[in-house]
Amino acid sequence: MSGLTKRYPRGVQALDGVSFSVRRGEIFGLLGPNGAGKSTTVRILATLTRADRGRALVAGGDVSADPATVRRRIGYVAQVSGVDKYGTARENLYLQTRMHRVPARAIRERVDRLLEWVGLTGAADRLVHTYSGGMKRRLDLAMGLVHEPEVLFLDEPTTGLDPETRTALWQDLLRLRSEQGLTVLLTTHYLEEADHLCDRLAIVDRGRVVVEGTPAALKAEIQGDTVTLDVEGPTDNAVEALRDVDGVLETLPNGTSVLARAAHGATAVPVLVTALERAGVAVKAVTVSRPSLDDVYLHHTGRRYSASGATPNGTGPGGAMADGAASGGDDRHAPARER
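When we follow numbering that gives the first Met the number 0, the leftmost residue of the sequence shown carries the number 0, and every step to the right adds one.
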């Protein structure tokens, strides 16, 4: 995809020239806070909304010129479940096979196989409203796979799940990639999820892709260790005091803390603390860490990562509304029903 731009009513700029590529058979992540443009990007790629400008090819089809072809080749799992909670899992899957025109002779075997694959065979004939959040999410995943798509879009697939259930779903997605060679594009605001799951990822901020690569390569670009110094009073003096210290590569304010990038964090700590004390800045606590995706985000945006991405007026960064809110759409009526 290249140069995708999308502006919603009231001047909300959701996407501002988004470009990236996804390789066949990989798990690719769009990582960013709420309101960054992740969901809007996926909705465009899934043919659920149109870009104002730019071009995107998905599974060999142009999302604008040939959306019907794209829909036949993709699965889409929205943030909000689209299943009928007053039906059983089996009934939901049978309905989905009919909507996708799965050959009648293949329906029963495919439904049974998917139920087993997502671990719902024993609960297949229970009403969905009796399911836990994790069970519902696994059913959503099966619904997106019922027509054997080439590409699967997952919009915030683990939001609201407890850590144990989230980890189990991660394993399901890794099995999808390894056993079926499925191409997966997921959005997430969880740093750990992006780091653990994604072969490659793009960090999205304020409607733009700020950097793209493997998690390991992105972290490797951040030289040295991060030394976080919690200080008393304004951080401006602290940043200035550390700016010319030998071995310090970068200093940034972060709330009541100062972040210093140092070639060797442990040996730099006493030097940094001494420099601050000489400048009259009291240090309350110090931590040293290796580069993380949080540091990558900070390096490229100048801000520490916050999953909410919200400002006090309730909008996202730069005034953009949270993904999905600006469009006025409700994903509950959109998942994989018109492929």
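A virtual CB, placed ideally from N, CA and C, is assigned to each residue, including glycine.
Strictly by DSSP, which residues pair up with residue i?
i, result
"Lys5", "Leu14"
"Tyr75", "Phe152"
"Thr250", "Ala259"
"Ala284", "Asp229"
"Asp83", "Asp83 pairs with nothing; no bridge assigned."
"Asp61", "Leu56"
"Ile202", "Leu30 and Val210"
If you count every other CB in all the chains shown that lies within 10 Å of the CB of residue i, and 16 or more means buried, which is it?
i, result
"Val17", "buried"
"Gly254", "exposed"
"Ala64", "exposed"
"Gly28", "buried"
"Pro233", "exposed"
"Arg340", "Outside the modelled stretch of the chain, which goes from 0 to 338, sits residue 340, for which no answer is possible."
"His298", "buried"
"Gly206", "buried"
"Gly143", "buried"
"Ser80", "buried"
"Ala13", "buried"
"Tyr304", "buried"
"Arg137", "buried"
"Ala67", "exposed"
"Pro290", "buried"
Go through its chain and collect everything with a Cβ distance to residue i's Cβ below 7 Å, but skip five positions before and after it.
i, result
"Asn312", "Residue placement at Asn312 cannot be trusted, given a pLDDT of 35 that sits under 50; the coordinates are not used to answer."
"Pro148", "Arg72, Ile73 and Gly74"
"Ser288", "Asp224 and Thr225"
"Arg97", "none"
Look up residue i in the DSSP assignment and say whether it is helix, strand or coil.
i, result
"Glu220", "coil"
"Gly53", "strand"
"Arg207", "strand"
"Gly212", "strand"
"Leu126", "strand"
"Glu25", "coil"
"Leu47", "coil"
"Ala306", "coil"
"Arg70", "helix"
"Arg136", "helix"
Within a Cβ cutoff of 6 Å, which residues of the same chain sit near residue i, ignoring the five residues on either side of it in sequence?
i, result
"Leu251", "Leu258"
"Arg176", "Ile26"
"Gly217", "Before going further, note that residue 217 is Leu rather than Gly in the sequence given. Closer than 6 Å at Cβ, skipping near neighbours: Val295."
"Val69", "Thr46, Val57, Gly60 and Val62"
"Thr310", "Note that Thr310 has pLDDT 36, beneath the 50 cutoff, so the model's placement of it is unreliable and no number is given."
"Arg165", "Thr157"
"Gly317", "Residue placement at Gly317 is flagged as unreliable, the pLDDT there being 39, under the threshold of 50; the coordinate-derived value follows with that caveat. So the list reads Arg205, once near-sequence residues are dropped."
Return the chain-ordered list of same chain residues with a C-beta closer than 8 Å to the C-beta of residue i, the five sequence neighbours on each side being excluded.
i, result
"Val101", "Arg109, Val145 and His146"
"Val238", "Thr250, Leu251, Pro252 and Val257"
"Leu114", "Ala88, Arg89, Leu92, Thr120, Ala123 and Ala141"
"Val270", "Val244, Asp245 and Gly246"
"Asp51", "Thr4, Lys5 and Arg6"
"Gly279", "Asn236"
Comparing the CB of residue i with every heavy atom of the ligand SAM, is any distance shorter than 7 Å?
i, result
"Ala122", "Inclusion of the ligand SAM in the displayed structure is not the case, the ligand content being empty and no account of it being possible."
* alpha helix (DSSP H) runs contained entirely in the region 141 to 200, provided each spans 4 or more residues -> Those alpha helix (DSSP H) runs which fall completely within the region 141 to 200 and span 4+ residues are 162 to 174 and 190 to 196.
* Return the chain-ordered ranges of every alpha helix (DSSP H) run that is complete within the region 86 to 120 and spans a minimum of 4 residues. => 88 to 98 and 103 to 116, all fully within the region 86 to 120.
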